[in-house]
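Residue numbers (the numbering used here), protein chains in the order written: chain A, 121 to 241; chain B, 36 to 218.
Taking it in order: structure first as structure tokens, then the write-up.
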Amino acid sequence: MKSLEELRELREKVEKDMQMRKETNQPKIIIGMGTCGIAAGAREILKAVMEEIDKRDLDVEVTQTGCIGMCEKEPLMDVKLPGKDRITYGNLTREDVKRIVVNHVINGNVVDELVIARLAE
Amino acid sequence: MKELALHILDIAENSIKAETDELNIEINEDTRENEFEIVIEDDGKGIEKEKLENITDPFVTSRKTRPVGLGLSLFKAAAQRCNGNFEIDSDSNGTSVKAVFEHDHIDRAPLGNMAQSIVSILLWDSNLELTYEHRYNENQFIFTTKEIKKELEDVKITDNKILNWLKDYIDENIREIRGGEFN
Numbered sequence: 121m122k123s124l125e126e127l128r129e130l131r132e133k134v135e136k137d138m139q140m141r142k143e144t145n146q147p148k149i150i151i152g153m154g155t156c157g158i159a160a161g162a163r164e165i166l167k168a169v170m171e172e173i174d175k176r177d178l179d180v181e182v183t184q185t186g187c188i189g190m191c192e193k194e195p196l197m198d199v200k201l202p203g204k205d206r207i208t209y210g211n212l213t214r215e216d217v218k219r220i221v222v223n224h225v226i227n228g229n230v231v232d233e234l235v236i237a238r239l240a241e
Numbered sequence: 036m037k038e039l040a041l042h043i044l045d046i047a048e049n050s051i052k053a054e055t056d057e058l059n060i061e062i063n064e065d066t067r068e069n070e071f072e073i074v075i076e077d078d079g080k081g082i083e084k085e086k087l088e089n090i091t092d093p094f095v096t097s098r099k100t101r102p103v104g105l106g107l108s109l110f111k112a113a114a115q116r117c118n119g120n121f122e123i124d125s126d127s128n129g130t131s132v133k134a135v136f137e138h139d140h141i142d143r144a145p146l147g148n149m150a151q152s153i154v155s156i157l158l159w160d161s162n163l164e165l166t167y168e169h170r171y172n173e174n175q176f177i178f179t180t181k182e183i184k185k186e187l188e189d190v191k192i193t194d195n196k197i198l199n200w201l202k203d204y205i206d207e208n209i210r211e212i213r214g215g216e217f218n
């Protein structure tokens, strides 16, 4: 069983990471978590994002938003790299999340076939 | 919704949008009484009286994007489908939602991934104080962000590594009290 002792050790590790990171240039990932998103599997998309960031030890800000009126394309996820357009991806699966994290978030290449909207900076 | 944990996530988000500081989620499972009770209580700004009467009608909502809201309607329908009941109460000091299901009803959705629902709720707002109390017959698990935040000192509870750890921690404890049961 996990113990709070383990949490204290993790805290010390996270504190060290924090000192090395600058929060201003973080990529952002935003996940649609309205009722429509949740019913379509958004929580599993969030889970996949969180696991992928952890596995690859990335410095990314993950946030959530409510329904934005594109319920039929849920689950939705936006990626915003510093200084770049905000890209909205839709109808996502867990596998898509891995591709987007590797290609877009890490390497800066938008995964065109999954894009449903672009918002210029 | 495929899981009760998804309903809970959805209803908790109403609380967050209502500027809640403290959120309590309680699950009481009593297999001998054949009851599965879920209570979600917040100290948010509440629902106006005129609205409260019809709040589980899909065409009554406080949302702005369109005049249809499904969260509470779906949760109520899920409870009623399982010979259960549903209550909502609200004033300017907060809102409480209670749903009861027959534990062994064929239409009762499984609890599902409650740990992931909890960390999704925590990710909304690092200032939120959440208490989660889960009872399964004589066993219980209590999780409070106040206790966790004491351990974290300056590290935010919304840090990705912390949330992933908390997810596993909560999941282990829920499995433990439910005897490893997934349903």
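Glycine included, each C-beta is placed from N, C-alpha and C at the ideal position.
- Within the region 105 to 131 of chain B, the complete beta strand (DSSP E) segments at least 3 residues long are 120 to 126, listed from N- to C-terminus.
- Exclusion of the five residues before and after Asp216 of chain A leaves Tyr209, Val231, Leu234 as the residues of its chain whose Cβ lies within less than 8 Å of its Cβ.
- For Leu105 of chain B, same chain residues with a beta-carbon under 7 Å away, outside a window of 5 residues either side, are Pro93 in chain order.
- For the pair Val182 of chain A and Ile150 of chain A, the Cα-to-Cα distance works out to about 6 Å.
- The region 133 to 144 of chain B makes no contact with the region 168 to 176 of chain B, as fewer than three CB pairs between them are under 8 Å.
- Taking C-alpha positions only, Arg141 of chain A is separated from Pro195 of chain A by approximately 30 Å.
- Put simply, the backbone Cα of Glu38 of chain B is about 13 Å away from that of Ala162 of chain A.
- A direct Cα-to-Cα measurement between Asp126 of chain B and Ile226 of chain A gives close to 47 Å.
- Annotated three-state conformation of Asp189 of chain B is coil, per DSSP.
- A distance below 9 Å separates the beta carbons of Ala168 of chain A and Lys218 of chain A.
- A residue is called buried when at least 16 other Cβ atoms come within 10 angstroms of its Cβ; Met121 of chain A does not meet this threshold and is exposed.
- From the beta-carbon of Lys200 of chain A, no residue of chain B is found nearer than 9 Å; the closest lies around 17 Å away.
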